[in-house]
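This report concerns only the one structure given below.
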Amino acid sequence: MADYNPRQIEDKWQGYWEQAGVNRTDEDPAKPKYYALEQFPYPSGDGLHMGHMRVYSIGDVVARFRRMNGYRVLHPMGADAFGLPAENAAIHRGVNPREWTINNMEKIRKEQSLLGVSYDWDRYLGTCLPDYYKLTQWLFLLFYKRGLAYRKKAFVNWCPDCHTVLANEQVEDGKCWRCDSEVTKKELEQWFLKITDYAERLLEGLDRLPGWPDKVRAMQRNWIGKSEGAHVTFTIPELQDEKVTVFTTRPDTLYGVSYMVLAPEHPLVPQLIKGKASETKVLEFIEQIKKSSDIERTSTEAEKVGLATGAYAKHPLTGEKIPIWIANYVLMDYGTGAVMGVPAHDERDFQFAQKYELPIQVVIQPQDDSLIEPISEAYTGDGVLVSSGPFDGMKNREAIQAIAKHLNENQQGGPTVNYRLRDWLISRQRYWGTPIPMTYCDHCGVVPVPEDQLPVVLPEDVVFDGKRNPLTTSDSFVHTTCPQCGGEARRETDTMDTFIDSSWYFFRYADVQNSEQPFDPDKVNQWLPVDEYIGGVEHAVLHLLYSRFFTKVLFDEGMVAVDEPFTSLLTQGMVLKDGAKMSKSKGNVVSPLEIVDKYGADTARLFILFAAPPDRDLEWSESGVEGSYRFLNRVWRIIDQHKDLFSQTLTTPVNYEGEAKELRRLLHQTIKKVTGDMGERNHFNTAISATMELVNGIYSYPKHADRTILKEALEKLVILLAPMVPHITEELWHMMGHSESVHLQAWPTYDPEALILDEVEIAVQINGKVREKLIVSTSASREEVEKQVMEQERIQALIADKTVRKVIVIPGKLVNIVAK
Numbered sequence: 001m002a003d004y005n006p007r008q009i010e011d012k013w014q015g016y017w018e019q020a021g022v023n024r025t026d027e028d029p030a031k032p033k034y035y036a037l038e039q040f041p042y043p044s045g046d047g048l049h050m051g052h053m054r055v056y057s058i059g060d061v062v063a064r065f066r067r068m069n070g071y072r073v074l075h076p077m078g079a080d081a082f083g084l085p086a087e088n089a090a091i092h093r094g095v096n097p098r099e100w101t102i103n104n105m106e107k108i109r110k111e112q113s114l115l116g117v118s119y120d121w122d123r124y125l126g127t128c129l130p131d132y133y134k135l136t137q138w139l140f141l142l143f144y145k146r147g148l149a150y151r152k153k154a155f156v157n158w159c160p161d162c163h164t165v166l167a168n169e170q171v172e173d174g175k176c177w178r179c180d181s182e183v184t185k186k187e188l189e190q191w192f193l194k195i196t197d198y199a200e201r202l203l204e205g206l207d208r209l210p211g212w213p214d215k216v217r218a219m220q221r222n223w224i225g226k227s228e229g230a231h232v233t234f235t236i237p238e239l240q241d242e243k244v245t246v247f248t249t250r251p252d253t254l255y256g257v258s259y260m261v262l263a264p265e266h267p268l269v270p271q272l273i274k275g276k277a278s279e280t281k282v283l284e285f286i287e288q289i290k291k292s293s294d295i296e297r298t299s300t301e302a303e304k305v306g307l308a309t310g311a312y313a314k315h316p317l318t319g320e321k322i323p324i325w326i327a328n329y330v331l332m333d334y335g336t337g338a339v340m341g342v343p344a345h346d347e348r349d350f351q352f353a354q355k356y357e358l359p360i361q362v363v364i365q366p367q368d369d370s371l372i373e374p375i376s377e378a379y380t381g382d383g384v385l386v387s388s389g390p391f392d393g394m395k396n397r398e399a400i401q402a403i404a405k406h407l408n409e410n411q412q413g414g415p416t417v418n419y420r421l422r423d424w425l426i427s428r429q430r431y432w433g434t435p436i437p438m439t440y441c442d443h444c445g446v447v448p449v450p451e452d453q454l455p456v457v458l459p460e461d462v463v464f465d466g467k468r469n470p471l472t473t474s475d476s477f478v479h480t481t482c483p484q485c486g487g488e489a490r491r492e493t494d495t496m497d498t499f500i501d502s503s504w505y506f507f508r509y510a511d512v513q514n515s516e517q518p519f520d521p522d523k524v525n526q527w528l529p530v531d532e533y534i535g536g537v538e539h540a541v542l543h544l545l546y547s548r549f550f551t552k553v554l555f556d557e558g559m560v561a562v563d564e565p566f567t568s569l570l571t572q573g574m575v576l577k578d579g580a581k582m583s584k585s586k587g588n589v590v591s592p593l594e595i596v597d598k599y600g601a602d603t604a605r606l607f608i609l610f611a612a613p614p615d616r617d618l619e620w621s622e623s624g625v626e627g628s629y630r631f632l633n634r635v636w637r638i639i640d641q642h643k644d645l646f647s648q649t650l651t652t653p654v655n656y657e658g659e660a661k662e663l664r665r666l667l668h669q670t671i672k673k674v675t676g677d678m679g680e681r682n683h684f685n686t687a688i689s690a691t692m693e694l695v696n697g698i699y700s701y702p703k704h705a706d707r708t709i710l711k712e713a714l715e716k717l718v719i720l721l722a723p724m725v726p727h728i729t730e731e732l733w734h735m736m737g738h739s740e741s742v743h744l745q746a747w748p749t750y751d752p753e754a755l756i757l758d759e760v761e762i763a764v765q766i767n768g769k770v771r772e773k774l775i776v777s778t779s780a781s782r783e784e785v786e787k788q789v790m791e792q793e794r795i796q797a798l799i800a801d802k803t804v805r806k807v808i809v810i811p812g813k814l815v816n817i818v819a820k
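UniProt numbering numbers the first residue of the sequence shown as 1 and each following residue consecutively.
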């Protein structure tokens, strides 16, 4: 008997698939399309980790299963190759980011190939390659032409040592995550994309995505953060009635406003404090606040601190003077950078007012007059208005609309809808990203680079010292000519947020060789939307939101026929070891390549798929891996034991009887189960469990029984396992004498007739207690079943001294005899 040798088998068939083009995309328009896509990896120096292996194994099963079910399948792969880690590598290792990244891309491609994943490598893309980022720049210009890309001053997290903008998540305890320098707020000219123009459509589109997990849709809804309420305009008399607008969801509490809070970065603050005794103190406070990230400032656990500016606003309805404060919890880039304080009816405002001894004015009273003043906590329930001028006595829910209408009629605000979503800041002061294709001319102003001059290529003559944006050190890059007047100009030295690159890559796969435009609409419309998108839940908000935004813009441009890119979304769980997520810091990392080297890729894949449903966390288990390896050896042995069977010509009997009939029923039960679990529910673990039961059935099949059904069961077993363990099944398929790849075979269908049972085992109860089990015909009537039960000697003995009062027959399950 030949031994199962994973290493030899896997190398052999990976080479065959590549040479024979087995995984190349089928373009046959007569077949239904299926686009299976896993999120592409960042090519770090660490190579693949177990989370990668899990997502690729899941995606490969989906793709292979659909191919075998008659679909033309697009299953591509690439690399999300721009980003700060490569720039850090350049600084710390003294290498060029391009060289470091390209080497890592090749390393990961080889590791992915070792897993036997059925990618069409002819469609591979890397976002850092000029042929790709040229088209990213083309898309930026499209957004600019449509009025969706613009430049404005904005406060950002700034690391003075790294000389770069930091995302909120890169600020830890007020310090740079990379160099531990204190982070400040700095106002810079930045490029933005107007995602807020699409806020309502992004929200509405979620209702048309039933194939997405509810938790992901909820996370996107919360991020977009739609609120209905009113804008309220306050004026500042000492600044010639300068207007300050605030948004509130509770205009019914407007008469309870006792103070206003501006963001420390608000442009009016310097004017409000100029020449006042508080000026120095306020400026020091502002500098202190600038050292905190937005996440820290808005955390529910963070202490709310503020300072009075000494200035006042005029209440739009009462004309009263309202003190203006600044506080850490108000952000300039959220809402209008100003909020009104209603301490009697908002918990945060109540705590702030108590801390700083500000007035607390009750304007909503419960209908039962249970609110006693002075109040000890904010009252946020419903009631009727008091101390609210002409609105006294009105129910507060009615007053929301009435006061908003009043504001509108008096040009002091009015009803509006607000979104938490902010425009997308895409500028990054880094080298390793897509250059923003804009120039600055003293004569012409901001001038886009013409399309025929793309790509704006990243230069080589840069300095990576960690002290500045490397692009600013390249004279050949910075100094250029104006595309409009031909005079001296300078290039934009910011590069794009890497989320831009991943917001459209799934379109590019459909037409990856196109050098003139991002893609041919006709080709994209043959494949989009993606039928199954697989990746981590950590991308549930930003990446998916930005991808949906890009898709809607391209839809409006007429470039694509869909406005939602992903029909179904599968967010796989984490891989844990000893109850914790695998990480170097915990010392619990298991390398996928170590498992592949020891047991083979098929064993690693089988364990990954069998240990837990895809959307659940998976606990790593060495014994579980060994169990998967033993199962594959069992499959190998049972095929090898019967290899002579496949060279024989067998005659299929007219009717199967006895053990043959039972094996046929088990086979068709398995086909039905595996097909449903893989095609409808993505329950690969239960599909594998069903094949294990079939293997047990084959092992226990008698030697004297019919060989035809045994041969069929063995062949169908190999086909059923093929999407999950592609190498061993390919080898076994050829051992059976087949010349074509198992992965090009048609998926088996089950025969409903084969599932029908002739006989079934039922329980026999006496007064509710099981006393016997009996095999009965499934076609027997109730009367026939009762007669067969009552004729049993054991049953007769048990009821001999009793009177039978009733016999209850539940067909196919049990008979209960009630006897006293």
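We put the beta carbon where it would ideally sit given N, CA and C, even for glycine.
Cα-Cα separation between ASP531 and GLU740, rounded to whole angstroms
Here the question's residue 531 lines up with position 531 in the sequence shown. Here the question's residue 740 lines up with position 740 in the sequence shown. Going by the C-alpha atoms only, they are around 28 Å apart.
Please report the distance separating the alpha-carbon of PRO529 from that of LYS321.
Working through the sequence shown from its first residue, we reach residue 529 at position 529. Working through the sequence shown from its first residue, we reach residue 321 at position 321. Computed Cα separation, rounded: 56 Å.
Drop a sphere of 10 angstroms on the beta-carbon of ALA510, count the other beta-carbons inside from all chains shown, and report buried for 16 or more, exposed for fewer.
Here residue 510 is taken as the residue at index 510 of the sequence shown, counted from 1. Buried, because 16 or more other Cβ atoms sit within 10 Å of the Cβ of ALA510.
Supposed contact pair THR708 and THR652 - C-beta distance, whole angstroms, cut 8 Å
Here the question's residue 652 lines up with position 652 in the sequence shown. Here the question's residue 708 lines up with position 708 in the sequence shown. That belief holds up - the Cβ atoms of THR652 and THR708 are roughly 5 Å apart, short of 8 Å.
For GLY78, is the classification buried or exposed, using 16 other Cβ atoms within 10 angstroms of its Cβ as the cut-off for buried?
Counted from its first residue, the sequence shown places residue 78 at position 78. Counting the other CB atoms within 10 Å of its CB gives GLY78 a total of 16 or more, which places it among the buried residues.
Alpha carbon to alpha carbon, what distance is there between ILE375 and LEU331?
Counted from its first residue, the sequence shown places residue 331 at position 331. Counted from its first residue, the sequence shown places residue 375 at position 375. In a straight line, the C-alpha of LEU331 is about 29 Å away from that of ILE375.
The beta strand (DSSP E) spanning PHE192 covers which residue range?
By one-based count along the sequence shown, residue 192 stands at place 192. Here the beta strand (DSSP E) through PHE192 covers 184 to 193.
Around the Cβ of CYS179, are there at least 16 other Cβ atoms within 10 angstroms (buried) or fewer (exposed)?
Counting from 1 along the sequence shown, the entry for residue 179 is found at position 179. Exposed is the call here.
At which residues does the beta strand (DSSP E) containing SER623 begin and terminate?
As a first step, residue 623 must be located in the sequence shown, where it is residue number 623. From DSSP, SER623 is part of no beta strand (DSSP E) but of the alpha helix (DSSP H) over 622 to 641.
Please report the residue range of the beta strand (DSSP E) in which GLN765 lies.
For this step, residue 765 is matched to residue 765 along the sequence shown. That run of the beta strand (DSSP E) goes 759 to 766.
From the DSSP output, which residues share a beta bridge with LEU569?
By one-based count along the sequence shown, residue 569 stands at place 569. Looking at the DSSP assignment, LEU569 forms a beta bridge with TYR533.
Would you mind reading off the limits of the alpha helix (DSSP H) that contains residue 848?
As shown, the chain starts at 1 and ends at 820. That puts residue 848 outside it, with no answer to give.
Which listed residue (LEU544, ARG490, ASP522) has its alpha carbon closest to that of TYR505:
In the sequence shown, the residue the question calls residue 505 occupies position 505. TYR505 has its Cα closest to that of LEU544, out of LEU544, ARG490, ASP522.
Can you grab the Cα-Cα spacing for the pair LEU542 / GLY389, in whole Å?
Indexing the sequence shown from 1 puts residue 542 at position 542. Indexing the sequence shown from 1 puts residue 389 at position 389. In this structure, the straight-line span from the alpha carbon of LEU542 to that of GLY389 is close to 45 Å.
Any alpha helix (DSSP H) of 4 or more consecutive residues that is wholly inside the UniProt domain "Methionyl/Leucyl tRNA synthetase" (40 to 183)
Those alpha helix (DSSP H) runs which fall completely within the UniProt domain "Methionyl/Leucyl tRNA synthetase" (40 to 183) and span 4+ residues are 50 to 68, 84 to 93, 97 to 114, 130 to 145.
Using three-state DSSP, classify TRP504 as helix, strand or coil.
Here the question's residue 504 lines up with position 504 in the sequence shown. Coil.
Runs of alpha helix (DSSP H) wholly within the segment 354 to 441 (minimum 4 residues, chain order):
Secondary structure within the segment 354 to 441: the alpha helix (DSSP H) runs of 4 or more consecutive residues, fully enclosed, are 396 to 409 (chain order).
Quick check on this structure: which residue in LEU74, ALA90, GLY174, VAL73 has the alpha carbon closest to the alpha carbon of ASP465?
By one-based count along the sequence shown, residue 465 stands at place 465. Between ASP465 and the set LEU74, ALA90, GLY174, VAL73, the nearest pair of CA atoms involves ALA90.
Collapsed DSSP secondary structure at SER227 in the structure displayed
Position 227 of the sequence shown holds residue 227. Strand.
Indicate whether ILE817 and GLN765 have their beta-carbon atoms separated by less than 8 Å.
Position 817 of the sequence shown holds residue 817. Position 765 of the sequence shown holds residue 765. It is a contact, given that the beta carbons lie within the stated cut-off.
If you reduce the DSSP assignment to three classes, tell me which class TYR599 lands in.
Stepping through the sequence shown from its first residue, residue 599 is reached at position 599. Helix.
So ALA687 and MET678 are in contact, right, with Cβ under 8 Å, and what is the actual spacing, rounded?
Mapped onto the sequence shown, residue 687 falls at position 687. Mapped onto the sequence shown, residue 678 falls at position 678. Confirmed, Cβ separation roughly 5 Å.
Going by DSSP, what residues sit across from HIS479 in a beta bridge?
Locating residue 479 in the sequence shown gives position 479, counting from the first residue. In DSSP, HIS479 forms a bridge with ARG490.
Measuring straight from C-alpha to C-alpha, what distance separates GLU594 and GLU772?
As a first step, residue 594 is located in the sequence shown; it is residue number 594 there, counting from the start. As a first step, residue 772 is located in the sequence shown; it is residue number 772 there, counting from the start. Going by the C-alpha atoms only, they are around 53 Å apart.
From ASP26 to LEU710, what distance separates their C-alpha atoms?
Here residue 26 is taken as the residue at index 26 of the sequence shown, counted from 1. Here residue 710 is taken as the residue at index 710 of the sequence shown, counted from 1. Here the alpha carbon of ASP26 sits roughly 33 Å from the alpha carbon of LEU710.
Best match in THR136, VAL55, LEU425 for proximity to ARG616 [C-alpha to C-alpha]
By one-based count along the sequence shown, residue 616 stands at place 616. The shortest C-alpha separation from ARG616 is found at VAL55.
So GLN412 packs on THR233, CB below 8 Å; how close in whole Å?
Indexing the sequence shown from 1 puts residue 412 at position 412. Indexing the sequence shown from 1 puts residue 233 at position 233. About 5 Å; that satisfies the 8 Å criterion.
Integer Cβ distance of LEU694 from LEU732, believed to fall under 8 Å
By one-based count along the sequence shown, residue 694 stands at place 694. By one-based count along the sequence shown, residue 732 stands at place 732. Rounded to whole angstroms, the Cβ separation of LEU694 and LEU732 is 14 Å, and the two are not in contact under 8 Å.
Assign MET260 to one of three DSSP states: helix, strand, or coil.
Counting from 1 along the sequence shown, the entry for residue 260 is found at position 260. MET260: strand per DSSP, three-state reduction.
Secondary structure at TRP325, three-state DSSP: helix, strand or coil?
Translated into the one-based positions of the sequence shown, residue 325 becomes position 325. Reduced to three states, the DSSP call for TRP325 is strand.
For PHE352, which three-state DSSP category applies?
Numbered from its first residue, the sequence shown carries residue 352 at position 352. It is helical.
Using the C-alpha atoms, what's the distance from GLU753 back to ARG782?
Position 782 of the sequence shown, counted from the first residue, corresponds to residue 782. Position 753 of the sequence shown, counted from the first residue, corresponds to residue 753. The alpha-carbon atoms of ARG782 and GLU753 are separated by roughly 23 Å.
What are the uninterrupted segments assigned as alpha helix (DSSP H) that are 4 or more residues long and contained completely in the segment 736 to 801, given in chain order?
With a minimum length of 4 residues, the continuous alpha helix (DSSP H) runs that stay inside the segment 736 to 801 are 782 to 790, 793 to 798.
For LYS806, which residues does DSSP report across the bridge?
In the sequence shown, counting from the first residue as 1, residue 806 sits at position 806. Paired residues: VAL818.
Collapsed DSSP secondary structure at LEU714 in the structure displayed
Taking the first residue of the sequence shown as position 1, residue 714 is located at position 714. Shown here, LEU714 sits in a helix according to DSSP, grouped into three states.
What residue range does the alpha helix (DSSP H) around MET692 cover?
Looking up residue 692 in the sequence shown gives position 692. Unbroken alpha helix (DSSP H) run through MET692: 684 to 699.
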